[in-house]
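*Asks:*
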Amino acid sequence: MGKIIAIANQKGGVGKTTCAINLGGAFAALGHDVLCIDLDPQANLTVGLGIDVNTVERSIADVLIDPNVQLASIVRPTKTKRVDVAPSTLELSSAEVELFNAIGREMALRDKLARDIVQRYEYILIDCPPTLGLLTLNALVAANEVIIPVQTQYYALKGVAALLKIIRTVQARLNPQLKVLGLLPTFYDSRTILARDMLDSLRDLGDHQVFETVIRQSVKIGEAPTAGVPITVYEPRSDAAKSFVDLAKEVIGAHN
Numbered sequence: 036m037g038k039i040i041a042i043a044n045q046k047g048g049v050g051k052t053t054c055a056i057n058l059g060g061a062f063a064a065l066g067h068d069v070l071c072i073d074l075d076p077q078a079n080l081t082v083g084l085g086i087d088v089n090t091v092e093r094s095i096a097d098v099l100i101d102p103n104v105q106l107a108s109i110v111r112p113t114k115t116k117r118v119d120v121a122p123s124t125l126e127l128s129s130a131e132v133e134l135f136n137a138i139g140r141e142m143a144l145r146d147k148l149a150r151d152i153v154q155r156y157e158y159i160l161i162d163c164p165p166t167l168g169l170l171t172l173n174a175l176v177a178a179n180e181v182i183i184p185v186q187t188q189y190y191a192l193k194g195v196a197a198l199l200k201i202i203r204t205v206q207a208r209l210n211p212q213l214k215v216l217g218l219l220p221t222f223y224d225s226r227t228i229l230a231r232d233m234l235d236s237l238r239d240l241g242d243h244q245v246f247e248t249v250i251r252q253s254v255k256i257g258e259a260p261t262a263g264v265p266i267t268v269y270e271p272r273s274d275a276a277k278s279f280v281d282l283a284k285e286v287i288g289a290h291n
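Position in the sequence shown (from 1) plus 35 gives the number in our numbering.
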């Protein structure tokens, strides 16, 4: 049975999509089958995995609002072996509005993550939008675990408290099995005092696990999506690729 991991933080620009693409690539590099679900109307994960959104006939929006559209029917292979994607388009924004009036609106994604999908993949990664709206709520209800990317920059910790509050509410009311797998430090630059201080502050929080792996600022990570592949394919020998493989091993280790 595959592990379903939501990658969430309502703050934009913290590296959620980067984490989803490259953690997925790292799992694949380690021999695991991965499904990446793009739950962001900006569709950056879809594009970053090499899919032209103009060729997407049915997307995750259709899955959420149409009871007759199954998740398996929209899944597409990517350029990366062992990595498939459930693509998004801008239509997901209007789909979220339609969901507001739906019965069981928080359960839409969970109900579509049918047993055959969960058994087909060892890891299912959900890239959440930079909001705490209904799409992120669907991800948290569907997931077993959450990874929270956090920039090692000023103000970064303020948004984490709001997200953790939402997670506690979801745990209490909708998904008691949901677990915070860890906070993931991103955009780390060890040359700056601020980044080092922020990393120390993260580790001193004490309430939740902070991954040992730190995702450093990297030009190569920024270049990889233009090729439509994860960093583990684009520059497999790079420090950035090694960091995501280390992160994947940490996640796998947490399940053993």
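Backbone N, C-alpha and C define an ideal beta-carbon position, used for all residues, glycine too.
Just so we're clear, the structure is a prediction, and the values are computed from it rather than from any experiment.
Report the option in Phe222, Leu134, Ile250 and Gln77 whose CA atom is closest to the CA atom of Ile100.
*Replies:* Against the sequence shown, residue 100 aligns to sequence position 65. That would be Leu134, whose Cα lies nearest to the Cα of Ile100.
*Asks:* Could you tell me which residues DSSP puts in a beta bridge with Tyr269?
*Replies:* Here residue 269 refers to the residue found at position 234 when the sequence shown is read from its first residue. Looking at the DSSP assignment, Tyr269 forms no beta bridge with any residue, so it has no partner.
*Asks:* Check this for me: beta carbons of Asn179 and Lys38, under 7 Å apart or not?
*Replies:* As a position in the sequence shown, residue 179 is number 144, starting the count at 1. As a position in the sequence shown, residue 38 is number 3, starting the count at 1. Yes, Cβ-Cβ distance for Asn179 and Lys38 is below 7 Å.
*Asks:* What is the DSSP secondary structure of Glu180, reduced to helix, strand or coil?
*Replies:* Stepping through the sequence shown from its first residue, residue 180 is reached at position 145. Strand.
*Asks:* Using a Cβ distance threshold of 8 Å, determine whether the stretch 91-109 contacts the stretch 117-132, with at least three qualifying pairs required.
*Replies:* yes
*Asks:* In the DSSP output, which residue or residues are listed as bridge partners for Leu160?
*Replies:* Start at 1 with the first residue of the sequence shown, and residue 160 comes out as number 125. Beta-bridge pairing links Leu160 to Ile40 and Cys71.
*Asks:* DSSP on Gln77, reduced to helix/strand/coil?
*Replies:* Position 42 of the sequence shown holds residue 77. Reduced to three states, the DSSP call for Gln77 is coil.
*Asks:* Please name the residue in Glu92, Ile86 and Gln45 whose C-alpha comes closest to that of Gly192.
*Replies:* Your numbering for residue 192 matches position 157 in the sequence shown. With the sequence shown as reference, residue 192 is identified as Leu, and Gly is not the correct amino acid for it. It is Gln45.
*Asks:* Considering only residues of the same chain and omitting the five flanking positions on each side of Val91, which have a CB-CB separation below 6 Å?
*Replies:* Residue mapping note: residue 91 aligns to position 56 of the sequence shown, counting from 1. Only Pro122 and Thr124 meet the Cβ criterion.
*Asks:* Relative to the alpha-carbon of Gln244, which residue among Thr81, Arg150 and Ile182 has its alpha-carbon at the smallest distance?
*Replies:* Position 209 of the sequence shown holds residue 244. The residue with the shortest Cα to Cα distance from Gln244 is Ile182.
*Asks:* Pick from Arg203, Leu106, Arg155 and Pro165: whose alpha carbon is nearest that of Asp146?
*Replies:* Against the sequence shown, residue 146 aligns to sequence position 111. Asp146 has its Cα closest to that of Leu106, out of Arg203, Leu106, Arg155 and Pro165.
*Asks:* Please state whether the Cβ-Cβ distance between Asp162 and Leu80 is less than 7 Å.
*Replies:* Position 127 of the sequence shown, counting from 1, holds the residue named residue 162. Position 45 of the sequence shown, counting from 1, holds the residue named residue 80. Their beta carbons are under 7 Å apart, which means Asp162 touches Leu80 by this criterion.
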